[in-house]
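*Asks:*
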Amino acid sequence: MDASMLGMWTFLITEVLFFGGMFAAYAVYRNMYPGAFASTSKFMDVILGGTNTAVLICSSLTMVLAVRAAQLSKRRDVMLFTVLTMIFGTAFLVIKAFEYHSKWVEHLIPGFDFQYDEPRYQHNAQILFFLYFCMTGMHAVHMIVGLGLLTYLLVQAKRNVFSANYFAPVEMIGLYWHFVDVVWIFLFPLLYLIGHRR
Amino acid sequence: MATIAHGTHGTPEIAAEEVNYLNVEHGWKSWLLTTDHKRIAFLYLISITAMFFVGGAMAVLFRINLLEPEGIFSAETYNRLFSMHGIVMVFFFLVPSIPATLANFLIPIMVGAKDLAFPRVNLLSWYLYIFGAMFTLYAVIRGGVDTGWTFYAPYSSTYSNSYVLSAAMGVFIAGFSSILTGLNFIVTVHKMRAPGMTWGRLPLFVWANYATGLIQVLGTPVLAITILLLAFERVAHVGIFDPNIGGDPILFQHLFWFYSHPAVYIMILPGMGVISEIVACFSRKRVFGYNFVAFSSMGIAVLSFVVWGHHMFVTGEAMYTSVAFSFLSFMVAVPSAIKVFNWTATMYKGSVSFDTPMLYCFGFIGLFTIGGLTGLFLAALATDVATHGTYFIVAHFHYVMVGGMVMAFLGGLHFWWPKITGRLYPEAWAKFAALIIFIGFNLTFFPQFILGYLGMPRRYHAYPPEFQALNVLSTAGASILGIGYLIPMIYFAWSLKAGPKAGPNPWGATGLEWEIQSPPTTFNFDETPTVTKEAYDYGPLEEIVG
Amino acid sequence: MSTHHVPIPKVGTLVAVWAALIVLTGLTSAVSYLELGEWNIVVALLIALTKASLVAWVFMAVRHSTTLTRLFCVAGLAWLSILILLTYSDYHTRDWTYQAKPWSTNKAAGESR
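Residue numbers (the working numbering), protein chains in the order written: chain W, 3 to 200; chain S, 38 to 583; chain H, 1206 to 1318.
(1) Quick one: using the 10 Å Cβ neighbour count with 16 as the cut-off for buried, is S/Glu354 buried or exposed?
(2) Helix, strand or coil for H/Pro1307 per DSSP?
(3) Identify the continuous alpha helix (DSSP H) that holds S/Trp65 and give its terminal residues.
(4) Residue range of the alpha helix (DSSP H) that S/Lys468 falls in?
(5) Of all Cβ atoms in chain H, is any one closer than 8 Å to the Cβ of S/Glu464?
(6) I want to see whether chain W comes within less than 8 Å of S/Phe269, judged by CB atoms only; does it?
(7) Apart from the five residues just before and just after S/Ile287, which ones in its own chain have a Cβ nearer than 6 Å to its Cβ?
(8) Taking 8 Å as the CB-CB limit, is W/Ala56 close to chain H?
(9) Name the one or two DSSP bridge partners that S/Lys538 has.
(10) If you measure beta-carbon to beta-carbon, which residues of the stretch 61-75 of chain W are closer than 9 Å to chain H?
(11) Taking 8 Å as the threshold (beta carbon to beta carbon), is W/Ala29 in contact with chain C?
(12) Considering only residues of the stretch 1253-1303 of chain H, which uninterrupted beta strand (DSSP E) runs meet the minimum length of 3 residues and lie entirely inside it, listed in chain order?
(13) Whole angstroms is fine: what's the gap from W/Asp47's alpha carbon to W/Phe100's?
(14) Can you grab the Cα-Cα spacing for the pair S/Ile146 / S/Asp152, in whole Å?
(15) Between S/Ser203, S/Asn221, S/Tyr192, which has its C-alpha nearest S/Leu163's C-alpha?
(16) Using the C-alpha atoms, what's the distance from H/Leu1285 back to W/Val18?
(17) Does W/Ser165 come out as helix, strand or coil in the three-state DSSP assignment?
(18) Going by beta-carbon coordinates alone, are S/Arg584 and S/Tyr575 separated by less than 8 Å?
(19) Using a cut-off of 9 Å between C-beta atoms, extract the partners of W/Ile187 located in chain S.
(20) By DSSP, does S/Thr567 sit in helix, in strand, or in coil?
(21) Here's the rule I'm using: 16 or more other beta-carbon atoms within 10 Å means buried, otherwise exposed. How should S/Ala42 be labelled?
(22) Let me check one thing: in DSSP terms, what residues is W/Thr138 bridge-paired to?
(23) Quick check: H/Ile1289 and W/Ala29, are their CB atoms within less than 8 Å of each other?
(24) Taking 8 Å as the threshold (beta carbon to beta carbon), is H/Trp1262 in contact with chain S?
(25) Taking Cβ positions only, does H/Arg1275 come closer than 8 Å to chain S?
(26) Counting only Cβ-Cβ distances shorter than 8 Å, please list the residues of the stretch 166-183 of chain W near chain H, keeping chain order.
(27) Pull out every residue of the stretch 1281-1293 of chain H whose Cβ sits closer than 8 Å to any Cβ of chain W, in chain order.
(28) Where does S/Gly47 sit, in a helix, a strand or coil, going by DSSP?
(29) Measuring only between beta-carbons, confirm whether H/Trp1301 sits less than 8 Å from chain S.
(30) Short of 8 Å in beta carbon distance, which residues of its chain neighbour H/Pro1212, apart from the five on each side in sequence? Order them along the chain.
(31) Determine which residues of the stretch 339-358 of chain S have a Cβ less than 9 Å from any Cβ of chain H, and write them out in chain order.
(32) For S/Pro372, which residues in the same chain have their Cβ closer than 6 Å to its Cβ, ignoring the five residues on either side in sequence?
(33) Using a cut-off of 7 Å between C-beta atoms, extract the partners of W/Gly91 located in chain H.
(34) Whose CA, out of S/Phe128, S/Ile85, S/Phe89, lies closest to the CA of S/Gly185?
(35) Does the separation of the CB atoms of S/Thr383 and S/Ala317 fall below 8 Å?
(36) Report the neighbours of S/Phe155 on chain W: residues whose CB is nearer than 9 Å to its CB, in chain order.
Rendered as structure tokens:
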């Protein structure tokens, strides 16, 4: 494994710890306020969240197919799969934006006129929503950066830079993209599936 | 090869100046857009020195305040002074110090490579450092931050009226600088070693900085997210550390110290690496127990991550957790002690000379030992309850950080100055400065152990009158220390222009860096070396004597 | 230039992993509607771990990677565990009380408080 791959793996470790801080906060508060956390699930759109999970899984498939195409020196396929990954990624962000908008309309953004219909959980539920926006927000930022990296990949692929002898950038960006997917794999059950919806 | 020429009046003759990394190109672009690790190290050296003086200026001011029991400045001002001192010194001086300067310069050469694994990332890390420094300096200029360098919530998130956001953002950005440096070192040591340079032949300086890189990569991201959460809370006026919604301020402390404790090992490990190099050279003997020292570096890196709770014994952490952290904190002292024993054993029956780097080395070993041992007092729950929040802590960490790390930094700077600049510094002045620094340091900080033991709290602008004598001693020491730090600044600067030229190996030391010219060329080696010798291959003593 | 030989994955394998991930996503959503009490979170995390492992093992090619890569993966997860578990242990043990026993039960000796 050459230096650039080791560099990317090292970088991904820093990302694990970066998100890890928020997961630690989540673990602590979910155990402190199980009722409040469970009560928030009825405001989470499981359909949209589940769809987004599926969208990201599809994008991971197209991403690994892009890496495979680069290994096989198939320029056209590299470009195709990169574009497909970008489409899935953008779809994710659009759905996310829609979700954020509905949270705004329902007054569920802490610090911006937060209103909760269950008075006994009014305070503690804000913690979950704060974490929701921080965690999904940071995730979305990483997705946007990922889209930027994929754009770079597309441009390079168009110039026929990648082949069986040189596909490290595709591999590296693939690793990054899969990592962002893995983060979401944990975010989905932890933020959307806590309590039971009636 | 290097040509050393001395004119009859003590000035170097203008011999045919060989090409080196300093004179190969001129102009600001060749410096600001360089990817040469040696030039980047030089850029860092200038930057961190500047920040050292900013932090030092704060110290001068608040030590003046502490001359009077009622204080001289207001409490507000005093709070801002010590907070900014801590932030600047920790994040903008100590954390980058040896890694970004000496290690940046030396690691590629020591492993036999032309540069680090990612030269452009190296330059990026310097720009991130500068960018972060601007944010923090903005906070300084606008009046500073009064939360302490520890930014504890909810004061920093909710109640403080100072420039928390810009100071915190500066630290956040500088954190990425640190992460990238660590990443670069890790990949370089894994992937760029020359043929024959096995892990077991690496200089211990490389082991130390590799371990430091591991800590930087694993710990700093948690600081990043903590600062971000703090910033969000400050902006949104609500957040997860806010007791009003059920948040726990102690969670902030957990997340903060998860990084900040390993950070202190980021600050000391590279210094220990320097000491290994110096003690071997000036004892003319290989380091005793090479494997133990190397594995101790790794042991410190790992153990440093499981002791952070010892900063929170009295702030509300659960008792059983505190017991666990206390036990682990005793454990983490072991690898450091192993190193001290091995350095001492290295000197035993060695041919010890007292050049300036070795003087700093002695200073380090003695002062770090004191600082480290007092850390054990603090790791014990009962004594920590009495000493937490007092000057005992302040003295403890200054003994390890300043008596330890800064001494090691100065020692390393003197040791490798001929290699970095191709010039020799004036030995007599250097020895004098080392002595002044040692005296000034002890006069500043030893009284603080006593003050802490007697109960004087830290971070207070005023104190009971019976503590005045010790405080005055401490301030007097600080002024001596300040003068001591100025002297090397002056003669180092002087040496750049008028110091005698250095050959490739003025100390007769072992290591790849001493086999190339001083200063090195841009790509370090004419051809990739093949390593056949062990590290510290100092010959039998009979050859050296005479 | 890649010096480590990365075998080219079969499309069939990749699609199979994709299908498994989709199925597991459906499963975790469905299970969340069941009343399992404390086991809900355990099941959810186990499913998430399985999904993440599939992505890492196949999509991120950990199955073909060097020992060093695997060591780095393990290290990242280990450090994450240290952060979460040790922090959580504080909260978990906060209400564990400790009853100090008196020095001596021999009150006649007049030593205890």
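Glycine included, each C-beta is placed from N, C-alpha and C at the ideal position.
*Replies:* So, from the data block:
(1) Numbered from 1 along the second sequence, position 317 holds the residue referred to as residue 354 of chain S. When all chains shown are included, S/Glu354 counts as buried.
(2) Against the third sequence, residue 1307 of chain H aligns to sequence position 102. It is coil, neither helix nor strand.
(3) For the purposes of this step, residue 65 of chain S is taken as residue 28 along the second sequence, with counting starting at 1. Residue range 65-69 is occupied by the alpha helix (DSSP H) that includes S/Trp65.
(4) For the purposes of this step, residue 468 of chain S is taken as the residue at position 431 of the second sequence. Element bounds for S/Lys468: 464-491.
(5) As a working mapping, residue 464 of chain S is identified with position 427 in the second sequence. False, the Cβ-Cβ gap to chain H never drops below 8 Å.
(6) Taking the first residue of the second sequence as position 1, residue 269 of chain S is located at position 232. Yes, its Cβ sits closer than 8 Å to a Cβ of chain W.
(7) Residue numbering aside, residue 287 of chain S sits at position 250 when the second sequence is read from its first letter. Cβ neighbours of S/Ile287 beyond the five flanking positions: Gly353.
(8) Taking the first sequence and counting its residues from 1, one reaches residue 56 of chain W at position 54. Residue contact with chain H for W/Ala56: present (Cβ-Cβ distance below 8 Å to some residue of chain H).
(9) The count along the second sequence starts at 1 and reaches residue 538 of chain S at position 501. According to DSSP, S/Lys538 bridges with S/Arg460.
(10) Identification of residues in the stretch 61-75 of chain W having a C-beta nearer than 9 Å to some C-beta of chain H yields Ser62, Leu63, Met65, Val66, Leu67, Val69, Arg70, Gln73, Leu74, given in sequence order.
(11) Of the protein chains in this structure, namely W, S and H, none is chain C.
(12) Those beta strand (DSSP E) runs which fall completely within the stretch 1253-1303 of chain H and span 3+ residues do not exist here.
(13) On the first sequence, residue 47 of chain W is found 45 positions in, with the first residue counted as 1. On the first sequence, residue 100 of chain W is found 98 positions in, with the first residue counted as 1. For W/Asp47 and W/Phe100, the distance between alpha carbons rounds to 11 Å.
(14) Mapped onto the second sequence, residue 146 of chain S falls at position 109. Mapped onto the second sequence, residue 152 of chain S falls at position 115. For S/Ile146 and S/Asp152, the gap between their C-alpha atoms comes out near 8 Å.
(15) The residue you call residue 163 of chain S lines up with position 126 of the second sequence. In the sequence under discussion, the amino acid at residue 163 of chain S is Trp, which differs from the Leu named in the question. Measuring from the Cα of S/Trp163, the nearest candidate turns out to be S/Asn221.
(16) Taking the first sequence and counting its residues from 1, the one referred to as residue 18 of chain W is at position 16. Taking the third sequence and counting its residues from 1, the one referred to as residue 1285 of chain H is at position 80. Each residue's Cα considered, the two are about 7 Å apart.
(17) The sequence position of residue 165 of chain W within the first sequence is 163, counting from 1. Note: W/Ser165 maps to strand in three-state DSSP.
(18) The structure shown does not extend to residue 584 of chain S, since chain S spans only 38 to 583, so no value can be given for it.
(19) The count along the first sequence starts at 1 and reaches residue 187 of chain W at position 185. Ordered by position in chain S, no residue passes the 9 Å Cβ test against W/Ile187, which lies about 19 Å from the chain.
(20) Stepping through the second sequence from its first residue, residue 567 of chain S is reached at position 530. Reduced to three states, the DSSP call for S/Thr567 is coil.
(21) Your numbering for residue 42 of chain S matches position 5 in the second sequence. The predicted position of S/Ala42 is uncertain, since its pLDDT is 42 and thus under 50; a value taken from the coordinates is nonetheless stated next. Exposed, since its Cβ has fewer than 16 Cβ neighbours within 10 Å.
(22) Along the first sequence, read from residue 1 onward, the residue named residue 138 of chain W stands at position 136. Per DSSP, none; premise fails for W/Thr138.
(23) Walking along the third sequence from the start, residue 1289 of chain H turns up at place 84. Walking along the first sequence from the start, residue 29 of chain W turns up at place 27. Contact: yes.
(24) Stepping through the third sequence from its first residue, residue 1262 of chain H is reached at position 57. For H/Trp1262, the closest Cβ of chain S is not nearer than 8 Å.
(25) The residue you call residue 1275 of chain H lines up with position 70 of the third sequence. No, H/Arg1275 lies away from the interface with chain S (no Cβ there is under 8 Å from its Cβ).
(26) Those residues of the stretch 166-183 of chain W that come within reach of chain H (Cβ to Cβ, closer than 8 Å) are Asn167, Tyr168, Phe169, Ala170, Glu173, Gly176, Leu177, His180, Phe181, Asp183.
(27) Residues Gly1281, Leu1282, Trp1284, Leu1285, Leu1288, Ile1289, Thr1292, Tyr1293.
(28) Against the second sequence, residue 47 of chain S aligns to sequence position 10. Low confidence applies to S/Gly47: its pLDDT is 45, below 50, so where it sits in the model is not reliable, and the reading given next is rough at best. In the structure shown, S/Gly47 falls within a coil segment according to DSSP collapsed to helix, strand and coil.
(29) As a position in the third sequence, residue 1301 of chain H is number 96, starting the count at 1. The beta carbon of H/Trp1301 sits closer than 8 Å to some beta carbon of chain S.
(30) Numbered from its first residue, the third sequence carries residue 1212 of chain H at position 7. So the qualifying residues of the chain are His1269.
(31) Flagged, chain order: Phe342, Val343, Trp345, Gly346, Met349, Gly353, Glu354, Ala355, Met356, Tyr357, Thr358.
(32) Residue numbering aside, residue 372 of chain S sits at position 335 when the second sequence is read from its first letter. Cβ within range, chain order: Ser333, Gly336, Ile337.
(33) If you number the first sequence from 1, residue 91 of chain W lands on position 89. Correct list: empty, because the minimum Cβ distance to chain H is about 15 Å.
(34) Here residue 185 of chain S corresponds to residue number 148 of the second sequence, with the count starting at 1. Per the Cα distances, S/Phe128.
(35) For the purposes of this step, residue 383 of chain S is identified with residue 346 of the second sequence, where counting begins at 1. For the purposes of this step, residue 317 of chain S is identified with residue 280 of the second sequence, where counting begins at 1. Result yes, Cβ atoms of S/Thr383 and S/Ala317 sit closer than 8 Å.
(36) The sequence position of residue 155 of chain S within the second sequence is 118, counting from 1. By Cβ distance, chain W contributes Ala5, Ser6, Gly9.
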